[in-house]
Amino acid sequence: MNGRTIVLDHIGDREAAAYIIDGKLDDLLIDDLDAPRPGAIFRAICDRPLKGQGGMMLRLPDGEKAFLRYSKGLRPGQPMLVQVTGYAEGGKAVPVTDRVLFKSRYVIVTPGKPGINVSRQIEEEQRDRLLELAHGAHDTEHGLIIRSCCAAADVAEILEDIEAMNTLADAIMAEGEGTEPEALTEGDGPHTVAWREWTGRADVVTDAGSFEHLGVLDQIDGLSDPMVTIGEGTMFVEPTRAL
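Residue numbers (the numbering used here): 9 to 251.
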């Protein structure tokens, strides 16, 4: 299997996406059914500061806890919008940030950070054209970042993305006040993240059972093998006694 292939399937009940380059597994996304997805947005309620760490514990819906790395200017009981930045380690609070972003395939909307920027990976002539396009379509106080994949994108799709992300940002940013924590967005699953982030030219396979038919499951099982092939040689990756 040569070239690039994106495979969208499920592992059990979990949505999953695999990125294969020249027959080898290059990236893998698997949904976690037991934790908030990275990118999910909540209205959280400040609970208590952690003075030794300079952070703040927050209340999320269903009794879950989140951790914000700083607490300056915050008080217990104060509502605030936060976004999940990753998965919590066992027994720890969900890591969050108050710098909420709205990210799609072509654009990123940045509330509280005005201005329009275009990826520097795009050639200068195209950047000027996209900057002009963005100024004509983006008329809110939010900031806007034009992503690198816009260089080869259809103008209508870029404009549609700008409008959709601005509308979502307006709706969510208006939900910051309240006395109870609430989930406002659930975050993107692996299939949507694959569409959003794996933007290079690739074949896309969506048939059920594709992970098995294309050997993705075998390659996933192989990740636990300590022997790794490197060209004509091999190396072994194993925990040492000290670990």
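For every residue, glycine included, the Cβ atom is placed at its ideal position computed from N, Cα and C.
Residues near residue i by beta carbon distance below 6 Å, same chain, minus five either side
i, result
"Phe-110", "Val-117, Met-173, Leu-176, Ala-177"
"Gln-86", "Cys-54"
"His-150", "Val-117, Pro-119, Ala-177"
"Leu-139", "Val-126"
"Ile-166", "Tyr-114, Cys-158"
"Thr-214", "Leu-16"
Contact set for residue i: own chain, Cβ-Cβ below 8 Å, skip 5 residues either direction
i, result
"Pro-46", "Val-92, Thr-93, Gly-94, Tyr-95, Gly-195"
"Ile-180", "Ile-49, Leu-89, Val-108, Phe-110, Leu-192, Thr-193"
"Arg-56", "Met-64, Met-65, Pro-84"
Inter-residue Cα distance where the pair is residue i and residue j
i, j, result
"Ile-142", "Gly-208", "Residue identity differs from the one stated: residue 142 is Ala in this sequence, not Ile. Between Ala-142 and Gly-208, the C-alpha separation is close to 22 Å."
"Ala-216", "His-18", "8 Å"
"Pro-13", "Leu-222", "A quick correction: the sequence has Thr, not Pro, at residue 13. Straight-line Cα distance between these residues: approximately 10 Å."
"Asp-162", "Ala-202", "19 Å"
"Phe-75", "Gly-123", "29 Å"
"Phe-219", "Gly-20", "11 Å"
Burial state of residue i (16 or more Cβ within 10 Å)
i, result
"Leu-16", "buried"
"Arg-51", "buried"
"Asp-39", "buried"
"Val-115", "buried"
"Tyr-78", "exposed"
"Leu-41", "exposed"
"Pro-189", "buried"
"Val-224", "buried"
Paired residues, beta bridge with residue i - DSSP
i, result
"Asp-211", "Thr-13"
"Lys-111", "Ile-116"
"Cys-54", "Leu-66"
"Thr-242", "Thr-237"
"Gly-151", "Thr-118"
"Thr-193", "Ile-49"
"Glu-23", "His-18"
"Met-88", "Ala-52"
Cβ shell of residue i (< 7 Å), same chain only, five flanking positions each side left out
i, result
"Arg-128", "none"
(message) Any contact between the region 22-36 and the region 234-243? By contact I mean 3 or more CB pairs, one from each, below 8 Å.
(response) no
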